[in-house]
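Visitor: Numbering (this note's numbering), first residue to last: 212 to 705.
Ideal placement from N, C-alpha and C gives every residue a C-beta, glycine not left out.
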């Protein structure tokens, strides 16, 4: 009987223990789960600098590139690492506190067995809650990594999509970029930060590691990353020579038009006449162009002559933003020194010849042997100082040989042949008939038949013009208007 009573007693105590213990274990597990969740949230806040800025991940100072890395390209990964580290530290701290509390409240030597039994239940609940919390945190960490990975992949996809759209739009519109100073083809220009208090220059602001739609400069200014988003409004620079590029570069098709001709043939005056013809519908695309035109106008009005183009000077394009009938073009006119055309090495170095769309061959009629020999000695003496040294046939062959050597398909190019100095040849017997048929005059009257045949065999489109060397800002030679109009119409400008 006592044995049965003892067994019944222990069964009753065990049942009560289980009935009370299971809820206690569940409650304890819930408390531990909540505390672990609190540890994670606290660590996240610290990592992001919400509560303890000193615990947040420091933002690296920009070094080689003066811009902040896009969040998904670096900071996000560092933040995840910091959250994991701080969560582990906070969880360890909570575990130490819980262990000390259990020992203090339930497992002192002098405590009763009932209290220790409750401590066992609480400990079981604590271990269970910790295990559940650990699994939950593993899933949270994996979820965070998955979300970050998906965002990273989406960001990269958007990056290449934006670049592709920007490049495709430029390609469809036939837009290319040429540096007016070093004449390199520019894939994408460098830009100065628009912040007037900042001096940073960004070599490539396209979507990438430093931003998708906007790039944040080291100074904090947010810059557009694509031409379609407005990057063309910033000051652009050539990444090769670091010279300023023409305003509007990258927003309109370019027309590259070099002047060809010997020294004293009249290339500079022809360039100025073309510029004056453009200006009612165009504006200088950069400061150097505006300054150079002003200097040449002043020189012509004061001295009657422009400054000689120095062979050693760098050849910078005269650039214009042209708008006509809702069509925009960026026109680059190059005026290389005449010495280039008697030196193949110098010609080969002129990169703008490779990218030219149309050429203007400027012919000095006094350099044609038949014309010069027809003049009496007094007339020869009068014009000797302004006569080109090399005959036009030699200049053309030099140009053609070098263009062929550069791999330029001249059959795809247009050539305007301009016989200049019409004001000086007017009244000379040898000049009879030139205004009616410039081509026929060159071919049949002055012995340039071989050159005419070579020109028409080599170039896809050719037209001949007779122009004057007189500069009058208010009345440009109509033939110059015709020459420019013929050239521009080929590229969609009417």
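1) Would you mind reading off the limits of the beta strand (DSSP E) that contains residue 532?
2) Output the distance between the C-alpha atoms of residue 602 and residue 440, rounded to the nearest integer angstrom.
3) Three or more C-beta pairs under 8 Å: does that hold for the region 664-673 against the region 602-622?
4) Under 6 Å Cβ to Cβ from residue 460, same chain only, skipping five residues before and after it: list those, please.
5) Counting Cβ pairs, one atom from each stretch, are 3 or more of them under 8 Å apart for the region 403-420 and the region 347-358?
6) Look at residue 552 and residue 493 and say whether their C-beta atoms are less than 9 Å apart.
7) For residue 659, collect the residues of the same chain with a Cβ closer than 6 Å to its Cβ; drop the 5 residues on either side in sequence, then sort them by chain order.
8) Reducing DSSP to helix, strand and coil, say where residue 339 ends up.
9) I need the DSSP call for residue 625, collapsed to helix, strand or coil.
10) By how many angstroms is the C-alpha of residue 452 removed from the C-alpha of residue 650?
11) Which residues bound the alpha helix (DSSP H) around residue 580?
12) Let me check understanding here. Comparing Cα to Cα, which of 689, 393, 701 lies closest to residue 488?
13) Would you report the Cα separation of residue 704 and residue 592, rounded to the nearest angstrom?
14) Tell me the start and end of each unbroken beta strand (DSSP E) in the region 596-658 that is at least 3 residues and wholly inside, in chain order.
15) Should the region 570-585 be regarded as contacting the region 625-633, the criterion being three or more beta carbon pairs within less than 8 Å?
16) Among 701, 296, 426, which has the Cα closest to the Cα of residue 569?
17) Pick helix, strand or coil for residue 465, following the three-state DSSP scheme.
18) The beta strand (DSSP E) that contains residue 570, what's its start and end?
19) For residue 479 versus residue 546, is the C-beta spacing smaller than 9 Å?
20) For the pair the region 298-316 and the region 361-376, tell me if three or more CB-CB distances fall below 8 Å.
21) With DSSP collapsed to three states, give me the class of residue 422.
22) Can you check whether the CB of residue 566 is closer than 9 Å to the CB of residue 467?
23) On the CB-based measure, 16 or more other CB atoms within 10 Å of its CB, does residue 589 come out buried or exposed?
24) Quick one: grab the DSSP three-state call for residue 679.
25) Quick test of your reading: residue 428 and residue 411, contact by CB under 8 Å. State the CB separation rounded to the nearest angstrom.
26) Quick check: what's the CA-CA separation for residue 183 versus residue 426?
27) Strictly by DSSP, which residues pair up with residue 674?
28) Report the residue from 534, 639, 533 whose alpha carbon sits nearest the alpha carbon of residue 584.
29) For residue 544, which of helix, strand or coil comes out of DSSP?
30) Look at the alpha carbon of residue 472 and the alpha carbon of residue 490, and state the distance between them as a whole number of angstroms.
31) How about residue 484 and residue 678: are their beta carbons less than 9 Å apart?
32) Taking 6 Å as the limit between beta carbons, can you name the residues of its chain near residue 433, skipping five residues before and five after?
Guide: For this structure:
1) Element bounds for residue 532: 529-535.
2) Residue 602 and residue 440: Cα-Cα distance of roughly 51 Å.
3) Note that the region 664-673 touches the region 602-622; at least 3 beta-carbon pairs, one per stretch, sit closer than 8 Å.
4) For residue 460, where only same-chain residues beyond five positions count, the Cβ hits under 6 Å are 388, 447.
5) By the Cβ test, the region 403-420 is not in contact with the region 347-358, since fewer than three Cβ pairs between them sit closer than 8 Å.
6) Taking 9 Å as the Cβ cut-off, residue 552 and residue 493 do not qualify as a contacting pair.
7) The residues are 653.
8) In the structure shown, residue 339 adopts helical secondary structure according to DSSP, grouped into three states.
9) Residue state for residue 625 is assigned as strand, using DSSP reduced to three classes.
10) Distance between the alpha carbons of residue 650 and residue 452: 41 Å.
11) Start and end: 580-584.
12) Measuring from the Cα of residue 488, the nearest candidate turns out to be 689.
13) One alpha carbon belongs to residue 704, the other to residue 592, and they sit about 43 Å apart.
14) Whole beta strand (DSSP E) segments, 3+ residues: 625-630.
15) Verdict: yes, contact present.
16) Residue 569 has its Cα closest to that of 701, out of 701, 296, 426.
17) Reduced to three states, the DSSP call for residue 465 is strand.
18) For residue 570, the uninterrupted beta strand (DSSP E) run begins and ends at 569-574, by DSSP.
19) With respect to residue 546, residue 479 sits close: the two C-beta atoms are nearer than 9 Å.
20) Verdict: no, contact absent.
21) When DSSP states are grouped into helix, strand and coil, residue 422 belongs to the strand group.
22) Yes. Within cutoff.
23) It is exposed - the Cβ of residue 589 has fewer than 16 other Cβ atoms within 10 Å.
24) Note: residue 679 maps to coil in three-state DSSP.
25) With a contact defined as Cβ atoms closer than 8 Å, residue 428 and residue 411 qualify at about 6 Å.
26) In the structure as shown, the chain starts at 212 and stops at 705, and residue 183 therefore has no counterpart that could be examined.
27) Bridge partners of residue 674: 627.
28) Looking from the CA of residue 584, the closest CA among 534, 639, 533 belongs to 639.
29) In this structure, residue 544 counts as strand in the three-state DSSP scheme.
30) When rounded, the distance between both Cα atoms is 24 Å.
31) Between residue 484 and residue 678, the C-beta gap is smaller than 9 Å, which places the two residues in contact.
32) Cβ contact annotation for residue 433 (same chain, cutoff 6 Å, sequence separation greater than five): 425, 427, in chain order.
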